[in-house]
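Letter by letter, the sequence shown follows residues -22 to -1, 1 to 838 in mature numbering (1 follows the signal peptide of the UniProt record, and there is no 0). Virtual Cβ for every residue (Gly too), placed ideally from N, Cα, C. Quantities reported herein were computed from a predicted structural model and do not represent experimental measurements. Below you'll find the structure, written out as structure tokens, and then a few comments.
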Amino acid sequence: AAMDSRSVFVLLWMLLLSTSTGIKLDGNGYVDVIIAIGSKVPQDDRLIDKIKDMVTEGSVYLYEALDKKVYFKEATILVPSHWSCKNVTKARTEIDNANSTYGDQPYTKQYGECGTMAEYIHFTPEYLLNDTVIQLYGLRGRVFVHEWAHLRWGVYDEYSEEMPFYYSNGRIEATRCSKNIEGQFYEVTAERSLQACRNDPQTSLPTDKCKFFPNINKKTNSSLMFLPSLDSVSKFCRKNEHNYEAPNLQNKKCGKATWTVIFEDSVDKDALRSLKPLQSPPPPPSFKVVQRTQRVVCLILDVSGSMAGARILQQRQAATHFLRYIIEDQARVGIVTFSTDASTLRSLTIIDSNNARETLVQLLPKVAAGSTNMCLGLSRGLQVLQEDNGDVLGDEIIFLTDGQATDNIAGCAPSAIQSGAIISTIAFSKSAAQALTEMANKTGNLIDRTSDWFNGTVSVDQTVGNKTSFVIIYEIRFPSVYIQSPSGSIYTQTSMSHDGSLKTVTLNIPGTAEPGDWKYSIQTTSNQAFTITVTSQASRDDVPPIIVKTHMNQQFNDGSKPMIVFAEVSQNYRPVINAEVWATLESETGSVHTLQLLDNGAGADTFQDDGIYSRYFTKIVNGRSSLKVRMKNQGGQTRFAVQKKSGAPYVPGYVVNGVVQLNPLKPPVSEEPLEVGSFTRTATGESFVVKLSSTTPPTFPPNRITDLSAELQEDTVFLSWTAPGEDLDQGTAKSYEIRWSFDLDMLRNSFSNGHVVNTAAVSPQEAGSDEQHSFNLSFPIQNGTTLFFAVQSEDEQNATSETSNIAQASKILPGPKAPGVSNPGMNLTVIVISVCVVTMVICFIVAVSTWAVRRRNLSV
């Protein structure tokens, strides 16, 4: 299979590995909770104690919040190798230096659909060590449970920084859940005094300087997703108390109470419904403190008869590339071969020089014979991994095989999985050309088949450049290769090394490669397949490179649920936005589908401009498929995002016995613009398997609209939303149905009973386009009226989408005062709590730039 592409991308190798480590429920207790301290964090033993305190405290709150059903039973704290005290991956809680967008504010990286697990929780060392933060965000154990709910159960925040106020029955309300939480609204001046809130003349709502101060004396127990810092709050909002009107993310993304999501949609739904409450308080969590070591890898190479010929060559090419260019310095690598028997080619060897790398390369097998006893190879590989410390937890096995086992691999796989080793597979296909394609997919390369000139450009940015290499692997005959640096230097075959036995041509750039566009030209007189790979490492230890991580939302699919492709682009936690991102999905039968991934906050994408690029994948076919993503700076528009999407709620203060007590100010974060230079990246994800229950490929309705917004101007209603597709977020829907009501609950529970809006003039546009519709109702709208709106879309097969988020619009004529000033004669006493805030190191980050095509601000 050939890709009609003329770009080659810098490959920052990352094996996205399957792992046995993952949060689980053991009875009523969560185990395998891994909390990792970042490698750049300096040693401070107090951090370990603070983490233990936070999890122990959080366990008590978790136990109370979910009706005494669950708690934290076991947690592992993973400390860096440079601390004086073995390597576990997939940590779901990270203690690392500040993300410059958030500062020390805790947050959860979350971008899945409602009810799906998020990626990780992020705390900073400053957050854990400086007790000032307790006044800003509440007790750490409570905040941990708030973030845990994001992480484990996929619920969203019930506060909103974008829309902190809304109208309800003519009254201004704070966006919150539940409405039983009372408080007052004031602006805080630069001198730390209070003044009456002012209204925005455009919306008649308070300006963004107006803050809500909850009343600490009004006792209510929900909700932890709104205000975990309030002493009386200890529960999640249930259906009967949920505030469906609040314009928050929980309503926008889920449209239901957090309790409902946890017990009906989350990964723990079945267990939570069947678990009995504990009869007594749970014991404190148990902790293990383990230390990262350098990476430990064992290559397990299939040398059975089915690998003879082209496949053994492809295996040598892949393993050589890994050993020369991918595995990092100071890692330990062993090599095992298997066929009828298994043997150790090399025990664990420290990669401390090029000689060490070449020694391993020269050991790679060239002959294949015998049967394929994978279990023997797996067992021998686990033995090699134990050579460093007697354990394999977090160590890696990389299988290179055609997958045609003659023994029962299913019989030995469970014990290998339970060992804690991380197992990856590079599987070679049936022909040489297919094997080359498979290797390209697994290593992020570009593959093409041509008999003429092949030209392209690869951009090397400022964050990479060390140990840069161009590797061309050909199929039949040695091609002519010309490479030009940004300054015009020409490299030809005389500057390159050629290995005829491996059919590879390599150019190693000495020192640090020039930043800019590197051009290449390859000419071959034979019609043959070849790959070109460019690898480069970080240019400086203190400047992390831009990286991309990609994965599917499911590794196994039966056609009942849509699949989503995700790609995250970031530098040291900072999201990179406005990049051009394409995903290539190739089945084992050779069918190839290409999708542009979008960061527009619509369709499969949860948030606009968060550096997560997403798209539904609807062209699924039976069998195993691979995923590869490539991206580049889009016309110089790529930027770092500066607007955060969620986080632990900051509380500016409380009302205590009628008196407002101010909390310390939240330390500011930098919003200085910072452009992203020219760059290209390629990443590969784990393969996924589809097994359809019927021979007919599944079809899906248009995606749910989640960004519907409404506005009233005089008696005219203005609606806007992002167009869904014919199939989820692809193609063009057939029609829209818009309905409105005075009653939100009626519209939410029975869309068809809402009042119909005439949509004859609305012709759906292609998915991702901006849609707008304005109309007048058949009656004059009275002052103080709030109307609710929702949309459904329909495809050519008359399949109907889920009902959109419910948008609201109120007609408010100028005049009403903002809450908190309804009693102008009120004697206000302000107590300012003076606390020294530790100086923060501010990282300069980029200002948000709007993508030029089809971008708009969300206002719901």
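CB residue i to CB residue j, shorter than 8 Å?
i, j, result
"Ser200", "Phe214", "yes"
"Ile598", "Val668", "yes"
"Asp506", "Ser458", "Reading the sequence as shown, one finds Gln at residue 506 and not Asp. No, the pair does not count as a contact, with Cβ atoms beyond the cut-off."
"Ala688", "Val695", "yes"
"Asn226", "Asn783", "no"
"Ser182", "Pro792", "yes"
"Ile461", "Tyr498", "yes"
"Arg270", "Leu56", "yes"
"Thr441", "Ala516", "yes"
"Val570", "Arg617", "no"
"Leu291", "Leu44", "no"
"Gln295", "Thr482", "yes"
"Phe657", "Lys610", "yes"
"Leu686", "Leu697", "yes"
"Val339", "Phe316", "no"
From residue i to residue j, what does the alpha carbon distance come to, in whole angstroms?
i, j, result
"Ser463", "His299", "23 Å"
"Gly732", "Ala768", "9 Å"
"Glu219", "Arg154", "11 Å"
"Asp178", "Tyr144", "12 Å"
"Gly398", "Val275", "13 Å"
"Leu363", "Lys189", "57 Å"
"Gln21", "Ser59", "10 Å"
"Asp645", "Ser78", "Per the sequence shown, the amino acid found at residue 645 is Pro instead of Asp. If you take the alpha carbons of Pro645 and Ser78, they lie about 11 Å apart."
"Gly803", "Trp131", "Residue placement at Gly803 cannot be trusted, given a pLDDT of 29 that sits under 50; the coordinates are not used to answer."
"Thr428", "Phe585", "Residue placement at Thr428 cannot be trusted, given a pLDDT of 40 that sits under 50; what the coordinates show is reported in the next sentence. Cα to Cα, the separation comes out at about 41 Å."
"Gln471", "Asn486", "12 Å"
"Val38", "Lys30", "13 Å"
"Asp536", "Gly161", "50 Å"
"Phe666", "Arg120", "37 Å"
"Gln180", "Asp519", "49 Å"
"Val66", "Lys87", "Only weak support exists for where Val66 lies, its pLDDT of 45 falling under 50; the value from the coordinates is given anyway. Spanning the two alpha carbons is a distance of roughly 20 Å."
"Phe265", "Asp27", "11 Å"
"Ile99", "Thr322", "40 Å"
"Phe448", "Glu566", "27 Å"
"residue 840", "His124", "Residue numbering for the chain in the displayed model covers -22 to 838; residue 840 lies beyond these limits and cannot be assessed."
"Gly116", "Tyr632", "12 Å"
"Tyr8", "Asn444", "43 Å"
"Val740", "Leu575", "27 Å"
Hey, quick one: how far does the beta strand (DSSP E) through residue i stretch, first residue to last?
i, result
"Cys353", "Premise fails: Cys353 lies in the alpha helix (DSSP H), Met352 to Leu363, not in any beta strand (DSSP E)."
"Ser687", "Ser687 to Gln691"
"Ile240", "Where Ile240 is concerned, there is no enclosing beta strand (DSSP E), although the alpha helix (DSSP H) it sits in stretches over Thr236 to Glu242."
"Met541", "Met541 to Gln549"
"Lys497", "Gly494 to Gln501"
"Glu165", "Gly161 to Val166"
"Glu664", "Thr658 to Val668"
"Ser697", "In the sequence as presented, Ser is not what sits at residue 697; that position holds Leu. Run containing Leu697: Thr694 to Thr700, per the beta strand (DSSP E) assignment."
"Leu507", "Here residue 507 is Ala; the residue named in the question, Leu, does not match the sequence. Run containing Ala507: Gln506 to Ala516, per the beta strand (DSSP E) assignment."
"Phe191", "Cys188 to Pro192"
On the CB-based measure, 16 or more other CB atoms within 10 Å of its CB, does residue i come out buried or exposed?
i, result
"Val734", "exposed"
"Arg302", "buried"
"Gln691", "exposed"
"Asn195", "exposed"
"Val634", "exposed"
"Gln786", "buried"
"residue 843", "As shown, the chain starts at -22 and ends at 838. That puts residue 843 outside it, with no answer to give."
"Val166", "buried"
"Ala582", "buried"
"Val133", "buried"
Taking the alpha helix (DSSP H) that residue i belongs to, which residues open and close that run?
i, result
"Met530", "Segment Ile525 to Met530 is the beta strand (DSSP E) holding Met530; no alpha helix (DSSP H) there."
"Ile304", "Premise fails: Ile304 is in no alpha helix (DSSP H) and is neither H nor E."
"Lys247", "Lys247 to Ser252"
"Arg726", "Leu722 to Asn727"
"Ile387", "Ile387 to Gln396"
Please give me, in chain order, every unbroken run of the alpha helix (DSSP H) with length at least 4 that falls completely inside the stretch 5 to 44. Entirely contained in the stretch 5 to 44, the alpha helix (DSSP H) runs reaching 4 residues are, in chain order, 24 to 43.
Mind listing, in chain order, the continuous alpha helix (DSSP H) runs of no fewer than 4 residues lying wholly within the stretch 58 to 121? With a minimum length of 4 residues, the unbroken runs of alpha helix (DSSP H) contained wholly in the stretch 58 to 121 fall at 103 to 107 and 110 to 115.
Which runs of the beta strand (DSSP E) fall wholly inside the stretch 749 to 787 and span at least 3 residues, in chain order? Within the stretch 749 to 787, the runs of beta strand (DSSP E) at least 3 residues long that lie entirely inside it are, in chain order, 764 to 772.
Report the residue ranges of all beta strand (DSSP E) runs contained in full by the stretch 598 to 641; include only those spanning at least 3 residues, in chain order. Annotation: the stretch 598 to 641 contains the following complete segments of the beta strand (DSSP E) (minimum length 3 residues), in chain order: 601 to 611, 631 to 634 and 637 to 640.
Contained beta strand (DSSP E) runs [length at least 3] in the stretch 273 to 332, N- to C-terminal order: Whole beta strand (DSSP E) segments, 3+ residues: 274 to 280, 310 to 316 and 320 to 328.
Which whole runs of the alpha helix (DSSP H) in the stretch 547 to 582 are 4 residues long or more, in chain order? As for any alpha helix (DSSP H) of minimum length 4 sitting wholly inside the stretch 547 to 582, there is none.
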